[in-house]
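Have a look at the structure below, then the notes.
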Amino acid sequence: MEIYCGGKNYLTAAIDVFFPLICIACLDPKSSFSQFNVQKLLRLADLYPENFSSNDYLYLESQLRNYIYNVQRDPQFSEVGDLGSLAQQMVKTGKNTVFPLVYRLIQLALVLPVATASVERVFSAMNIVKTDLRNKMGDEWMNDCLVVYIEKDIFATIENEQILQRFQRMKTCRMQLPPLRYSSATTTNTSNVNQ
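Taken in order, the sequence shown gives residues 14 to 208; the numbers are from this note's numbering.
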């Protein structure tokens, strides 16, 4: 049963990650907005309740319909080839103020692929870090392990001696940790003594 629930949770999370990408295709300006779909874009707005109030949501459908009618007939938008250029053209023509909710959707769509890549990275790392032992230790420990694994480039820049000293200064320390044998600080001190 646990495997089924884990698989179901993974599938649900994957759908949550990739469904917005399908919705983004509806904003694609290629072929005179041939992929434009109001219902999918409304669903995309549903996924971001913190960005769209209930009042915004009421106006969004009519704003989307007016927007597509307007930009398909505007020659300034005929040469726009991607979402970034579409956002720039909207600002240049002032349509970002005429259709602020649509512009907000476009802004979310521009940020979403970066967020999706981060989520994919976390899922990939979770498969590597997650073991039976770590699975039984609790969510906070797993989260800490994942952060260290995912951000290993940042953690590689921190000296082991710094980590050791930080733990030594903690109030809840049960015992003193021995100094590192092979740290750069220890090696430098030893070479000075021998001279």
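Beta carbons: idealized from backbone N, C-alpha and C, even for Gly. All values reported here derive from a predicted model rather than from experimental measurement.
Discussion item. Quick check: what's the CA-CA separation for GLN181 versus GLU172?
Written reply: In the sequence shown, counting from the first residue as 1, residue 181 sits at position 168. In the sequence shown, counting from the first residue as 1, residue 172 sits at position 159. Each residue's Cα considered, the two are about 15 Å apart.
Practice prompt. Label VAL161 either buried or exposed according to how many other C-beta atoms from any shown protein chain fall within 10 Å of its C-beta, with 16 as the threshold for buried.
Written response: Residue mapping note: residue 161 aligns to position 148 of the sequence shown, counting from 1. The residue in question, VAL161, is exposed, as its Cβ has fewer than 16 Cβ neighbours within 10 Å.
Fill in: Residue nearest to VAL111 in terms of C-alpha spacing, selected from GLY94, VAL84, ALA122 and VAL93
Numbered from its first residue, the sequence shown carries residue 111 at position 98. The shortest C-alpha separation from VAL111 is found at VAL84.
Practice prompt. Pick out whichever of ARG86, VAL115 and ASP87 has its Cα sitting closest to the Cα of LEU54.
Written response: On the sequence shown, residue 54 is found 41 positions in, with the first residue counted as 1. When each option's Cα is compared against that of LEU54, the closest is VAL115.
Discussion item. Let me see if you follow: with CB-CB separation under 8 Å, is LYS108 close to chain C or not?
Written reply: Of the protein chains in this structure there is only one, and it is not chain C.
Item to complete: For PHE90, I'd like the list of residues in its chain whose CB is within less than 7 Å of its CB, leaving aside the five on either flank, ordered along the chain.
Response: Working through the sequence shown from its first residue, we reach residue 90 at position 77. So the qualifying residues of the chain are PRO42, VAL84 and GLN102.
Discussion item. Tell me the residue span of the alpha helix (DSSP H) that contains ASP166.
Written reply: Taking the sequence shown and counting its residues from 1, the one referred to as residue 166 is at position 153. Segment 165-169, the alpha helix (DSSP H) holding ASP166.
Item to complete: Return the residue from the list ARG86, THR106, GLN178 and TYR70 that minimises the CA-CA distance to LEU118.
Response: To locate residue 118, count along the sequence shown from 1; it is residue 105. Here the closest residue by C-alpha is TYR70.
Fill in: Inter-residue CB distance, PHE65 and ALA58 (contact presumed, cutoff 8 Å)
In the sequence shown, residue 65 corresponds to position 52, counting from 1. In the sequence shown, residue 58 corresponds to position 45, counting from 1. Going by Cβ atoms, the distance from PHE65 to ALA58 rounds to 5 Å, so yes, they are a contact pair.
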